[in-house]
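In our numbering, the protein residues as written are 39 to 412. Just below is one structure, and these are the notes that go with it.
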């Protein structure tokens, strides 16, 4: 089973922290939708198995009309084998989710909403330059929960000026709305973003890593106490509400990414489309795929297996390391993991190498120490 990721490279305005590929010029929207449909047709031979997830990411996919979204879903069905009742997720911003829009979406094939809330406080939203305000955030969730059962929201912690009390209030809102899933990330300062410039000029305080770590553990403790499973470092779901799209990625399943900047993976090769809308449109019109392909070496595949495994509750299967990569890699992993096992940042249970609660916030650094470098 596989998934299809559709990257919609448009946003109404640029968030100060974002380094994803998008344009705020929406004039080429119609041409882009047609080009993405053409890319789906061109890449049909790459996916022979059943498609179990369709994910609209971006950018802001909710800037598309419902007709455009349904046109792209129909293109997937016309060109690929899709399982019965696939998970079809649309990322959306609160300012795009009027009550009428939510009702329309509930009648479409979309069956999961991923809403970019980020915070329920106006001061945080202004700092990040989000297009919505706090009252729009609450209003859209109240209305969405009347028509959709499967909803996830994004929240960001570690925002300069966000106290632990304000962060606890954000989490409590999730619980009060009865949402079954949350994705939550530490605010990171990416190169060449507005946030980086503001911090360099002293307009905004720098991110406090210690406070971000505190807020991460507040999140873990609170959500786990209310029946959520922290099944991946940044993702928390009630049982039966884990994201099938994201879970497939962490378990190393194949996925096809279409649209500018989208990535694809088939187990042996990784490919990515050009991060340039005009060139993407031109190439697709010529019937040429504007992508680069990388054949993954054995160390590359091992490193990815370790990274994705450690981020999840499923861990790194040591028997699979031996089967897929050989005894040399098992010995290397044992050697590199020893100090983290001693520090109780990692543990071994039922033949799986797992991250402990203490090690969760540090997982990216731990994983990089376990990487095989030739």
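Even glycine gets a Cβ: it sits at the ideal position worked out from N, Cα and C.
Within the stretch 258–296, the complete beta strand (DSSP E) segments at least 3 residues long are 267–270, 273–275 and 293–296, listed from N- to C-terminus. Minimum Cα-Cα distance from residue 82 among the listed residues 405, 42 and 70 corresponds to 42. If you draw a straight line from the Cα of residue 349 to the Cα of residue 196, it comes to about 20 Å.
For residue 173, the three-state secondary structure derived from DSSP is helix. In the DSSP secondary-structure assignment, residue 120 is bridged to 89.
Excluding the 5 residues flanking it on each side, residue 254 has same chain C-beta neighbours closer than 7 Å at 195, 224 and 399, in chain order. In the structure shown, the three-state DSSP call for residue 302 is strand. CA-CA distance, residue 92 to residue 78, rounds to 12 Å. Counting along the chain, the unbroken beta strand (DSSP E) around residue 152 starts and ends at 150–156.
DSSP places residue 165 in the helix class (H, G or I) of the three-state scheme. Within the DSSP bridge table, the entry for residue 61 names 48 as partners. Taking the C-beta atoms as reference points, residue 220 is found no nearer than 8 Å to residue 182. Residue 101 is positioned such that its CB atom lies closer than 8 Å to that of residue 134.
Counting only runs of at least 4 residues, the stretch 336–383 fully encloses the following alpha helix (DSSP H) elements, listed from N- to C-terminal order: 336–348, 356–363 and 365–380. Inter-residue distance for residue 162 and residue 56 is about 15 Å (C-alpha atoms, whole angstroms). In the structure shown, the three-state DSSP call for residue 396 is coil. The stretch 247–267 makes contact with the stretch 202–211; the number of CB pairs closer than 8 Å reaches 3 or more.
In this structure, 190 is the residue among 346, 234, 190 and 235 with its C-alpha nearest to the C-alpha of residue 213. Under the Cβ criterion (8 Å, minimum of three pairs), the stretch 314–323 does not count as touching the stretch 111–120.
Every unbroken stretch of the beta strand (DSSP E) spanning 3 or more residues and falling wholly within the stretch 192–235 is given here in chain order: 219–224.
Under the three-state reduction of DSSP, residue 94 is assigned to strand.
Ranked by how close their Cα comes to the Cα of residue 256, the residues 88, 116, 331 and 395 have 395 in first place.
Counted as a single uninterrupted DSSP element, the alpha helix (DSSP H) harbouring residue 319 occupies residues 315–323. The distance from the Cβ of residue 390 to that of residue 356 is about 7 Å, consistent with a contact at the 8 Å cut-off. Residue 329: member of the beta strand (DSSP E) spanning 329–333, first to last residue.
From the listed residues 260, 54 and 302, the smallest Cα separation to residue 206 is found for 260. Residue 275 is a Cβ neighbour of residue 218, given a cutoff of 8 Å. Rounded to the nearest angstrom, the Cβ distance from residue 279 to residue 287 is 17 Å, too far for a contact under 8 Å. Contact between residue 167 and residue 53 is confirmed by a C-beta separation of about 5 Å, below the 8 Å threshold. Here the C-alpha atom of residue 232 lies approximately 11 Å from the C-alpha atom of residue 165.
Ranking 179, 143, 139 and 298 by CA distance to the CA of residue 76 puts 298 first.
Judged by DSSP secondary structure, residue 244 falls outside any alpha helix (DSSP H); it is assigned neither H nor E. Each residue's CA atom was taken as its position, placing residue 344 and residue 411 some 13 Å apart. Assignment of beta-bridge partners to residue 126 by DSSP yields 92. Excluding its 5 nearest sequence neighbours in each direction, residue 378 has C-beta neighbours in its own chain below 6 Å: 384 and 404, listed in chain order. Contact between residue 46 and residue 97 holds: CB atoms are separated by about 5 Å, below the 8 Å threshold.
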